[in-house]
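So the sequence shown is numbered by numbering that gives the first Met the number 0: it starts at 0 and just counts up by one. This report concerns only the one structure given below.
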Amino acid sequence: MTESPVTRVLFVCLGNICRSPTAHGVFEAMVRARGLEQQIRVDSCGTGDWHIGHAPDKRATAEALGRGYDLSGLRARQVQVRDFHDFDYILAMDRQNLADLQAMCPAGFSGYLGLFLPFDPAASIAEVPDPYYGGDEGFTRVLDMVEAASEGLLREIGGADTAR
């Protein structure tokens with residue numbers, strides 16, 4: 000029996016404490032709910048090094064938990080060149096993160112490197128805004144965006160209708 004290839008997805012924001020861990024938790028929960036844990040692997044990281052080893056922001060964790068997503072086991076890490084060899088999809092939350100990733104992307108990277116939010120066909124903007132310096136409503140908005148884009152990403156990868 001042949002095993003299905005594993006698709007590896009990496010979500011990237013600035014500090015890996017708000018947007019990318021939210022996307023990590025949401026997408027991983029959707030993958031698990033569809034029984035695709037053996038086909039899709041998920042991780043997240045940041046372009047900056049300020050929060051390495053820290054848990055996600057408490058506001059992101061609380062908002063996610065309110066919708067049934069558990070971010071408590073996640074810890075921030077910084078993106079490494081090795082990630083370009085280890086992941087098929089590297090998805091940035093905003094254009095600055097994308098530019099930073101493009102600057103460090105090795106020649107020969109054959110995966111997808113781009114913005115995450117355009118996977119939501121109904122999105123009217125291309126970037127997931129950073130809620131860090133704002134109020135709780137920013138975290139609610141980010142979670143709404145992440146859920147919609149995650150559904151689109153699952154459709155892209157091919158697991159959207161499994162186990163529905």
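In this text, a Cβ means the ideal position worked out from N, Cα and C, and glycines have one as well.
Go ahead and label residue i buried or exposed: buried means 16 or more other beta carbons lie within 10 angstroms of its beta carbon, across all protein chains shown.
| i | result |
| --- | --- |
| LEU64 | exposed |
| HIS84 | exposed |
Do you know offhand how far residue i's Cα is from residue j's?
| i | j | result |
| --- | --- | --- |
| SER149 | VAL25 | 7 angstroms |
| ASP129 | TYR111 | 22 angstroms |
| PRO20 | ALA121 | 22 angstroms |
| LEU116 | GLN95 | 14 angstroms |
| GLU126 | ALA106 | 25 angstroms |
| ARG81 | TYR88 | 13 angstroms |
| ASP119 | LEU152 | 8 angstroms |
Taking only three categories from DSSP, how would you classify residue i?
| i | result |
| --- | --- |
| SER71 | coil |
| ASP85 | helix |
| GLN77 | strand |
| MET0 | Low confidence applies here, because MET0 scores a pLDDT of 47, under 50, leaving its location unreliable and the question unanswered by this model. |
For the alpha helix (DSSP H) holding residue i, just list the boundary residues, first then last.
| i | result |
| --- | --- |
| GLY65 | 57–65 |
| VAL145 | 135–156 |
Give the range of the beta strand (DSSP E) segment to which residue i is assigned.
| i | result |
| --- | --- |
| GLY45 | 39–45 |
| GLU118 | First, the residue type needs correcting, since residue 118 is Phe and not Glu in the sequence shown. Taken as a continuous stretch (DSSP letters only), PHE118 belongs to no beta strand (DSSP E), as it is neither H nor E. |
| ARG7 | 6–12 |
Is residue i close to chain D, meaning its C-beta is less than 8 angstroms from at least one C-beta of that chain?
| i | result |
| --- | --- |
| ALA106 | This model lacks chain D altogether, as it is built from one protein chain only. |
Touch test, the stretch 55–72 against the stretch 99–111, Cβ-Cβ under 8 angstroms, three pairs minimum: These segments do not touch.
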